[in-house]
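Undergrad: The working numbering applies: residue 4 is where the sequence shown begins, and numbers increase by one.
Here it is: the structure, laid out below.
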Amino acid sequence: MGDYRGPDAAEALIRSLYAEHGRSLLAYATRLTGDRAAAEDVVQETLVRAWKHADDLTEGKGSVRGWLLTVTRNIVTDRARARAVRPAEVADVEDRPPVESDHSEAVVNTMVVLAALDKVSPEHREVLVELYYRGRSVNEAAKELGVPPGTVKSRSYYALRALRAVMAGTEPEVAR
């Protein structure tokens, strides 16, 4: 590998290591992390550690490539362990529970709608009760009321108009 003693020589060692092993280190780190950007950071950290241990790498003990791959794997492992120890970040939760609305408003609304239903024609009231109170489809309401589905649709249209008029304080139009 040559003599790499001193800061300039260590820099030359890192350049040659990157030229020779950079692509394989990046591929290995990408495979381990699953993230190209994180893999680039790992390779950079691996080369920094190689720069710090330039003397050990030039003494010819073992494989340089093996050393680099081991360091890369250790860095990825250390980062994974650090993430696992750190608690998951969550949004700030307030200590107070959310304010619940008072059910009295729903009771008042129900009373207003029931009073308004009493002021519409019986045919309109029947259709609205079947469709909205009992939750039936147009076909189910038609079957229950013994009228065609088109009649249910028509009555529901005019029934809603009449109900709105009653709730607004005006007289409903002529019932259809």
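All C-beta atoms, glycine included, are put in the ideal place defined by N, C-alpha and C.
Just so it is clear, the structure is predicted and the values come from calculations on it, not from any experiment.
Arginine 82: which of Leu117, Gly69, Ala42 sits nearest, CA to CA?
TA: Counted from its first residue, the sequence shown places residue 82 at position 79. Closest option to arginine 82, Cα to Cα, is Ala42.
Undergrad: Identify whether aspartate 6 lies in helix, strand or coil by the three-state DSSP scheme.
TA: On the sequence shown, position 3 is the one that residue 6 refers to. Note on aspartate 6: pLDDT 49, under 50, position unreliable in the model; no value is reported.
Undergrad: Let's see if you can read the secondary structure: which residues bound the alpha helix (DSSP H) around histidine 127?
TA: As a working mapping, residue 127 is identified with position 124 in the sequence shown. Run containing histidine 127: 125-131, per the alpha helix (DSSP H) assignment.
Undergrad: Rounded to the nearest angstrom, what separates alanine 145 and arginine 139 at their Cα positions?
TA: Taking the sequence shown and counting its residues from 1, one reaches residue 145 at position 142. Taking the sequence shown and counting its residues from 1, one reaches residue 139 at position 136. In a straight line, the C-alpha of alanine 145 is about 9 Å away from that of arginine 139.
Undergrad: Would you call the region 123-132 in contact with the region 108-115, where contact means no fewer than 3 C-beta pairs closer than 8 Å?
TA: no
Undergrad: Is it buried or exposed for arginine 167, if we count other Cβ within 10 angstroms and need 16 for buried?
TA: For the purposes of this step, residue 167 is taken as the residue at position 164 of the sequence shown. Burial call: exposed.
Undergrad: Candidates Ser124, Pro151, Gly25, Leu120: which alpha carbon is nearest tyrosine 136's?
TA: Sequence index remark: in the sequence shown, residue 136 carries index 133 (1-based). Looking at the Cα atoms, Leu120 is the closest of the given residues.
Undergrad: Relative to the alpha-carbon of arginine 68, which residue among Gly153, Gly25, Asn142, Ala171 has its alpha-carbon at the smallest distance?
TA: By 1-based counting over the sequence shown, the position of residue 68 is 65. Comparing Cα positions, the closest option is Gly25.
Undergrad: So, with DSSP's three-state summary, where would you put threonine 173?
TA: On the sequence shown, position 170 is the one that residue 173 refers to. Coil, per DSSP.
Undergrad: May I ask which residues mark the beginning and end of the alpha helix (DSSP H) holding aspartate 44?
TA: The count along the sequence shown starts at 1 and reaches residue 44 at position 41. Judged by DSSP secondary structure, aspartate 44 falls within the alpha helix (DSSP H) whose first and last residues are 39-55.
Undergrad: Going by DSSP in three states, arginine 139 sits in which element: helix, strand or coil?
TA: The sequence position of residue 139 within the sequence shown is 136, counting from 1. Coil at arginine 139, not helix or strand.
Undergrad: Please classify serine 66: does DSSP put it in a helix, a strand, or coil?
TA: In the sequence shown, the residue the question calls residue 66 occupies position 63. Here serine 66 sits in coil by DSSP.
Undergrad: Tell me whether threonine 49 is buried or exposed, calling it buried when 16 or more other Cβ atoms sit within 10 Å of its Cβ.
TA: By 1-based counting over the sequence shown, the position of residue 49 is 46. Counting Cβ neighbours within 10 Å, threonine 49 comes out buried, since at least 16 surround it.
Undergrad: If you compare alpha carbons, which of Val141, Asp11, Thr33 is closest to tryptophan 54?
TA: By one-based count along the sequence shown, residue 54 stands at place 51. Of the candidates Val141, Asp11, Thr33, the one whose C-alpha sits nearest the C-alpha of tryptophan 54 is Asp11.
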